[in-house]
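Everything in the sequence shown is counted per my numbering, starting at 4 for the first residue and increasing by one. All residues carry an ideal CB built from backbone N, CA and C; glycine is no exception. What follows is a short report on a single structure.
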Amino acid sequence: MKAKIIDGKLIANQIKTELIQEIEKLEIRGFTPGLATVLVGEDPASNAYVRMKEKMCDEIGIQNFGYRLSGNTTENELLKLVDDLKNDHKVHGILVQLPLPKQINEQNVINAIPVFKDVDGFHPTNWGKMMIGEESFLPCTPAGIQELLIRSGYSPENKNVVIVGRSKIVGLPLANILIQKAPGANATVTVCHSKTQNLAEHTKRADILIAAIGIPEFITADMIAENSIVIDVGVNRVEAPEKKRGYRLVGDVNFEAVAKKAKAISPVPGGVGPMTIIMLMRNTVKAMKMANKL
Ligand code: GUN
């Protein structure tokens, strides 16, 4: 293997240490950040993500308020909970794990989260602020990818960045962040998606390729440029009867083959995932400081 591994776990741990120090100082002054985590239904992947977020809260000194609602919860019931959390002064950030069950309109729920507690950065006001480069909560996965690139020495500045995937959680906001006229951005960004023609022609031009399409091992070695930087955002469960849990996690990149050609690659797991979680923690601390005018 030729590629250097971009170790998201290690970099997230550095940020974790920084946050712990900051939270300790706030604690001495009598301030404790609080995050409400809301999971509706029993999707195993969502359940695992929320548990990891809650565990990280405990580890770094953020007070966690965990809510588990049944898969039959109505939109009104969820909106009522969000409204209660809105008025709870111990709760500085509200995270409603997506996707939500079909009977609930996701956007209605996102719109109900107050802008200053929207630590996911999904509220339309935070979207708007992000687009015009105003201070806001940046969505955690895109912010984590930017931080991962910068801290691993592969700044997107002046680079051709090709994003495969246009989701509201990753591709779309990431493109907005990386084209900003701002330090750690200033990239030339192409966004490809399921309807893109001749996809490989685009991906082969990437200095930095970001795979966020949600298809296991979709990016193959022939689709990338020699010595490019590859960030794999995919987390796909693929059946694996030989494993005790019955599945294995694979990214959107064919790791083995791509790692022989790329200059650097982020693994799955241990790449973008830990960065998403730590960015959520950072946003929560930011929300608490804003709420207290610190
Ligand atoms: N589902 C997948 N990623 C995310 C995320 O970053 N936040 C929320 N709320 N749900 C998600």
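May I ask whether a heavy atom of the ligand GUN can be found less than 7 Å away from the beta carbon of residue i?
i    : result
I172 : yes
Q149 : no
L84  : no
Q110 : no
D225 : no
D123 : yes
L13  : no
C60  : no
V99  : yes
T287 : no
T279 : yes
K76  : The residue asked about is misnamed: residue 76 is Thr in this sequence, not Lys. No, the ligand GUN has no heavy atom inside 7 Å of this Cβ.
C143 : yes
Per DSSP, which residues does residue i bridge with? Please list them.
i    : result
K7   : A267
I234 : I213
I250 : The identity of residue 250 in the sequence shown is Tyr, whereas the question assumes Ile. E242.
A39  : F68, I97
I218 : Paired residues: none, contrary to the question.
V118 : Per DSSP, none; premise fails for V118.
Quick one: what does DSSP say residue i is sitting in, helix, strand or coil?
i    : result
G276 : helix
Q100 : coil
R71  : strand
V53  : helix
V85  : helix
I281 : helix
T191 : strand
I23  : helix
V261 : helix
Suppose the cutoff is 6 Å on Cβ atoms and the five residues either side in sequence are ignored; what does the same chain contact list for residue i look like?
i    : result
R240 : Y250
I18  : I281
Which residues in the same chain have their Cβ closer than 8 Å to the Cβ of residue i, if we skip the five residues on either side of it in sequence?
i    : result
K105 : none
K263 : M4, K5, A6, A224
I208 : Note that residue 208 is Arg in the sequence shown here, rather than Ile. Correct list, in chain order: N163, V165, T193, A228.
Spatial neighbours of residue i within its chain, please: CB distance less than 7 Å, with the 5 preceding and 5 following residues excluded, ordered by chain position.
i    : result
E45  : G74
I23  : I63, G64
S2   : No information on residue 2 is available, as it lies outside the stretch 4 to 297 that the chain covers here.
F125 : I113, P142
Please check if any C-beta of chain D sits within less than 8 Å of the C-beta of residue i.
i    : result
S231 : The chain labelled as chain D is not found in the depicted structure, where only one protein chain is given.
### Any alpha helix (DSSP H) of 4 or more consecutive residues that is wholly inside the region 142-182
Within the region 142-182, the complete alpha helix (DSSP H) segments at least 4 residues long are 143-154, 174-181, listed from N- to C-terminus.
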